[in-house]
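Following: one structure in structure tokens, then a few remarks.
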Amino acid sequence: MLERQAGGETSRRWELYRVLAEPLRLRVLALAAEDELAIGELSDLLREPQPNVSRHVQSLKRGGLLAMRKQGTRALVRVEADALRDAVIADAVAAGRRLCAADGSLVRLPEVIALREQEARAFFASNDEVRSPGVDFDTRAHLLALGMLLPRR
């Protein structure tokens, strides 16, 4: 979240207002408050080009409103844990939810999450068969963990 600094508090607040002045950022913020989402998923939900969504995500991240983590080649974003304690940010998320409800992206969110889970199940099901026929994923993970405990030669 935006930190308060002596003498810089006013300028930091103005920066927050500048970041929140863009309706697309409000929509991104609202969706990221609902669930952790990949940039591509946000792009699909918002029906905006991915580079445009990425640019707005970066602005929100620099403002301390979004946290980002990598999962393979994907960048996942979510609302920063402390951000919603700020009344201005909470109001911005509420405004973003209204915009998302109006454009239908909030209604499409469960579909996007279900598709992600379906794709993950299909990926792991196909890779389990290719990597280790006859050995299920849990057994493989258990053996890998035990192997790390063995002394190195």
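This note's numbering puts the sequence shown at residues 982 to 1134.
No residue lacks a Cβ here, since even glycine has one placed at the ideal position from N, Cα and C.
Model, not experiment: these values are computed from the prediction.
Asked                                                                                                                                                         : Found
Would you identify the three-state DSSP class for L1046, choosing helix, strand or coil?                                                                      : coil
Is G1085 near A1011, with beta carbons less than 8 Å apart?                                                                                                   : no
Report the option in L1130, A1106 and R1008 whose CA atom is closest to the CA atom of A1083.                                                                 : R1008
Could you tell me which residues DSSP pairs with R1055 in its beta bridges?                                                                                   : Q1052
Assuming L1041 contacts V1000 (C-beta within less than 8 Å), just tell me the rounded distance between them.                                                  : 6 Å
For W995, which residues of its own chain have a beta-carbon under 6 Å away from its beta-carbon, when the five flanking residues on both sides are left out? : none
Does the Cβ of H1123 have 16 or more other Cβ atoms within 10 Å, making it buried, or fewer, making it exposed?                                               : exposed
Nearest CA to the CA of D969: which residue from V1034, G1045 and V1074?                                                                                      : Here the chain has residues from 982 to 1134 only, and residue 969 is not among them.
Do you know whose CA, among A1019, L1057 and L1080, lies nearest R1006's CA?                                                                                  : L1080
What three-state label does DSSP hand L1131 in the structure shown?                                                                                           : coil
Do you know how far the Cα of R1043 is from the Cα of E990?                                                                                                   : 16 Å
So who's on the other strand from L1018, going by DSSP bridges?                                                                                               : V1058
Output the boundary residues of the alpha helix (DSSP H) element that contains L1001.                                                                         : E990 to L1001
Under the assumption that R1059 contacts A1048 (Cβ atoms under 8 Å), give the Cβ distance between them as a whole number of angstroms.                        : 6 Å
For A1101, does the count of other Cβ atoms within 10 angstroms reach 16, so buried, or fall short, so exposed?                                               : exposed
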